Amino acid sequence: MESLIYSLNATVPVFLVIVIGYIVNRIGMLNDQFISATNKFTFNVCLPVMIFADMANSDITGAFNGKLVGFAAIITTIMFALIWIGAKLFIKDKSIIGAFVQASYRSSVAVMGFAFMMNIYGRIGLMPMIIIGCVPLYNIYAVTVLTFESPDAQNDTNKKSKFMKAFIGILKNPIIIGIVLGCLGSLIHIYDYIPQMLSKTLDNISVMTTPLSLIVIGASFEGRKAIAKIKPTIVSCIIKLVVLPAVFISAALAFGFRNEALLALVIMLGSPTTPSCFIMAKNMKNDGVLTSSVIAATTLLSSVTLTFWIFLMRYLEFIN
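Straight run, no breaks: the sequence shown in this note's numbering ends on number 361.
Right, here's the structure in full:
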């Protein structure tokens with residue numbers, strides 16, 4: 042019961058902020074210009090600053106775990122590849138493939154990971170290793186699939202131009218830039234040298250990221266259109282919260298991960314779809330309706346499913 046209450050406390054407030062965004066938009070407090078501008082501001086400024094600050098404040102070298110980083114990178118690649126292949130084979134509406142794939146494999150690992158680690162162990166522990174292993178690939182693969190599967194790309198038969206567009210998109214992606222700079226900042230311990238007024242400025246921008254993202258998701262939520270896409274939403278939720286954790290937690294156990302390392306992987310696999318999926322989907326002209334639906338649904342349902350996976354691992358004494 043204690044684990045369930047904690048998980049509800051971690052996920053339900055996130056879901057409620059989405060609901061607030063939907064309500065304030067419906068009563069006319071927000072408009073399309075605000076939503077569009079906030080979406081761009083969050084994607085280009087808040088998200089990369091938050092990632093930079095989190096990474097730069099972490100002791101990457103002191104806690105480096107090559108096995109965990111490598112495992113996170115490998116399973117991220119496998120998840121992405123299998124979901125994209127499956128989507129190409131089974132989804133009839135080709136316009137939603139990019140959004141479906143991205144929403145089905147990307148987790149809110151940074152926000153949920155740090156929160157759960159602090160609650161259970163009193164420190165962020167090995168979560169930076171998971172961030173290094175999966176978050177850069179999350180974004181590289183997202184840019185790739187959203188570029189190749191966007192409605193504009195469907196009309197472009199030039200494969201070379203698609204590859205070039207994806208490559209440029211990866212290099213210019215603000216989140217990837219934030220990760221690279223954050224790793225460099227951690228290596229040189231940049232927070233030991235920058236003025237406090239600058240570090241507080243970065244922190245102030247960072248704390249805006251999640252609330253703004255959630256408000257925009259709620260404000261952009263289109264109920265009728267979302268209902269029309271309920272089937273891919275349900276399938277994506279099942280993949281994200283049940284299938285992937287079942288398969289890859291088993292793989293993690295087989296590879297000998299236990300305790301803190303295993304918990305970090307459980308959180309990576311079982312966390313809800315990250316709000317940044319919506320921001321990237323909208324900015325890259327993919328299906329925002331499906332993306333926001335999956336984010337809302339996985340955020341609500343993960344309070345039960347993620348609690349179950351953590352409880353199961355503790356019950357079986359794989360996590361102490």
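Even glycine gets a Cβ: it sits at the ideal position worked out from N, Cα and C.
Quick caveat: nothing in here was measured; it's all calculated off a predicted structure.
(1) CA-CA distance, N85 and V345?
(2) Under 8 Å, with one C-beta from each stretch per pair, do the stretch 82-96 and the stretch 213-227 reach the 3-pair mark?
(3) Looking at T274 and A338, is the spacing between their C-beta atoms short of 7 Å?
(4) Give a yes or no on contact between the stretch 71-88 and the stretch 239-249, applying the rule of three or more CB pairs nearer than 8 Å.
(5) Using the Cα positions of S312 and L178, report the straight-line distance between them to the nearest angstrom.
(6) Starting from L178, trace the alpha helix (DSSP H) in both directions and tell me its first and last residue.
(7) Assuming I211 and V184 make a contact with CB atoms under 8 Å, what is their CB distance in whole Å?
(8) Buried or exposed, going by whether 16 or more other CB atoms sit within 10 Å of the CB of A97?
(9) What are the boundary residues of the alpha helix (DSSP H) that K270 is part of?
(10) In terms of residue numbering, what span does the alpha helix (DSSP H) encompassing S291 cover?
(11) Evaluate D100 with the Cβ neighbour count: other Cβ atoms within 10 Å of its Cβ, from every protein chain shown; 16 or more gives buried, anything less gives exposed.
(12) If I measure Cβ to Cβ from P192 and keep anything under 7 Å in the same chain, skipping five residues before and after, which residues do I get?
(13) Under 6 Å Cβ to Cβ from K206, same chain only, skipping five residues before and after it: list those, please.
(14) Roughly how many whole angstroms lie between the Cα atoms of V58 and G154?
If we stick to the structure as given:
(1) 33 Å
(2) yes
(3) yes
(4) yes
(5) 17 Å
(6) M168 to F189
(7) 5 Å
(8) buried
(9) Unbroken run through K270: none, as it is neither H nor E.
(10) L285 to A295
(11) exposed
(12) S136 and K326
(13) T188
(14) 19 Å
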